[in-house]
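Here is the structure we will look at.
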Amino acid sequence: MQYLKLPIDSFKPTAGYKNAKYKSSWGYSHYGVDCVSASGSRNLYGLGDGIVVAAGLDGLNGKTTGKGSGCGFCLVVVYEDCYDRISKESYNVVATYMHMKAMPLVKKGDKVTGKTLLGYYGNTGANTTGPHLHIQFDKDTKYPLYCCGLAAAGHNLLKKGTVDSTVDPVRLFHIGKGQKVTAPSSAWYDRWDFLGIPEIPTTADKIIEAIKESPVVKKVVEKSKGVTVVTYD
Ligand SMILES: [Zn+2]
Numbered sequence: 256m257q258y259l260k261l262p263i264d265s266f267k268p269t270a271g272y273k274n275a276k277y278k279s280s281w282g283y284s285h286y287g288v289d290c291v292s293a294s295g296s297r298n299l300y301g302l303g304d305g306i307v308v309a310a311g312l313d314g315l316n317g318k319t320t321g322k323g324s325g326c327g328f329c330l331v332v333v334y335e336d337c338y339d340r341i342s343k344e345s346y347n348v349v350a351t352y353m354h355m356k357a358m359p360l361v362k363k364g365d366k367v368t369g370k371t372l373l374g375y376y377g378n379t380g381a382n383t384t385g386p387h388l389h390i391q392f393d394k395d396t397k398y399p400l401y402c403c404g405l406a407a408a409g410h411n412l413l414k415k416g417t418v419d420s421t422v423d424p425v426r427l428f429h430i431g432k433g434q435k436v437t438a439p440s441s442a443w444y445d446r447w448d449f450l451g452i453p454e455i456p457t458t459a460d461k462i463i464e465a466i467k468e469s470p471v472v473k474k475v476v477e478k479s480k481g482v483t484v485v486t487y488d
């Protein structure tokens with residue numbers, strides 16, 4: 256099992272997953288998270304251990320902006336066995352990165368880790384109003400290039416997905432070493448979703464969790480219910 260970290264070290268959201276204001280403004284649902292860097296660095300690092308499924312320009316005929324440019328320079332990475340802190344399950348996800356500045360620095364078949372520089376976020380693609388990363392998570396790893404929220408035409412790399420198997424990235428995000436989250440109040444996302452992102456658990460945290468979950472400890476806790484413990488100084 257792995258804990259995914261944030262795609263940007265100085266992470267600042269600009270639009271949340273299935274945000275209501277987004278839908279009323281753009282007329283369609285937002286199946287990912289939009290984010291920028293509060294520090295100005297546009298570096299995008301791997302979220303954890305993954306494999307690149309596709310990397311390239313989604314625009315038709317070499318178009319990088321405007322009509323026919325699709326989602327711009329894109330990257331698709333499969334991360335296996337990722338922990339969802341809400342459902343407490345782990346599963347494989349396809350992470351799709353859109354609007355990258357240029358061709359990703361990794362290519363199809365490459366292995367990535369949390370330390371791999373994948374490329375830089377930018378402003379390529381048709382529906383973007385400024386440099387940012389759109390990152391989308393999909394549990395359907397069998398068809399990694401099918402993406403919810405896309406128009407059928409105008410794409411060279413990604414395809415229109417019709418079944419919604421997306422998941423809110425915030426459920427899987429954790430704060431990695433040296434990372435931080437800035438989330439001022441905004442109608443474009445629920446700031447508490449982002450301020451609730453925990454740090455990647457340390458080994459000590461994992462041991463404590465394992466002890467709490469062990470059948471013996473659970474039994475002791477169950478037995479102690481209703482027992483008043485009096486302590487003296
Ligand atoms: Zn977006």
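Mapping of the sequence shown onto my numbering: residues 256 to 488, in sequence order.
Glycine included, C-beta positions come from ideal geometry on N, C-alpha and C.
Does the Cβ of residue i lie closer than 8 Å to at least one heavy atom of ligand 1?
{"i": "MET358", "result": "no"}
{"i": "ALA270", "result": "yes"}
{"i": "GLY287", "result": "yes"}
{"i": "MET353", "result": "yes"}
{"i": "HIS389", "result": "yes"}
Going along the chain, which residues of its own chain have a beta-carbon closer than 8 Å to the beta-carbon of residue i, five neighbours each way excluded?
{"i": "TYR346", "result": "ASP336, CYS337, ASP339 and LYS394"}
{"i": "PRO453", "result": "ARG340, HIS429 and ILE430"}
{"i": "GLY377", "result": "ARG297, GLY327, PHE328, HIS354, MET355, LYS356, ALA357 and PRO386"}
{"i": "GLY369", "result": "LYS260, TYR300, GLY301, LEU302, GLY303, ASP304 and GLY431"}
{"i": "SER440", "result": "ARG446"}
Have a look at residue i and residue j and give me their C-alpha separation to the nearest angstrom.
{"i": "ILE462", "j": "ALA408", "result": "50 Å"}
{"i": "THR371", "j": "ASN316", "result": "29 Å"}
{"i": "PRO399", "j": "LYS414", "result": "9 Å"}
{"i": "LEU373", "j": "LYS474", "result": "47 Å"}
{"i": "PRO456", "j": "HIS389", "result": "26 Å"}
{"i": "LYS318", "j": "PRO359", "result": "16 Å"}
{"i": "SER292", "j": "GLY481", "result": "50 Å"}
{"i": "GLY295", "j": "VAL436", "result": "14 Å"}
Alpha helix (DSSP H) containing residue i: first to last residue?
{"i": "LYS461", "result": "458-468"}
I need the boundaries of the beta strand (DSSP E) containing residue i, first residue and last residue.
{"i": "TYR277", "result": "Premise fails: TYR277 lies in the alpha helix (DSSP H), 275-281, not in any beta strand (DSSP E)."}
{"i": "ASP448", "result": "Unbroken run through ASP448 is the alpha helix (DSSP H), 446-450; no beta strand (DSSP E)."}
{"i": "ASN411", "result": "Element bounds for ASN411: n/a, residue is neither H nor E."}
{"i": "HIS389", "result": "388-393"}
{"i": "THR351", "result": "344-355"}
What does a CB cutoff of less than 6 Å around residue i pick up in its chain, not counting 5 residues either side in sequence?
{"i": "VAL307", "result": "VAL332, VAL361, LYS363 and ASP365"}
Any 3 or more C-beta pairs closer than 8 Å across the stretch 444-461 and the stretch 267-280: Result yes; three or more Cβ-Cβ pairs closer than 8 Å.
Stretch pair the stretch 416-427 + the stretch 272-280: three plus CB contacts closer than 8 Å: Segments in contact, yes.
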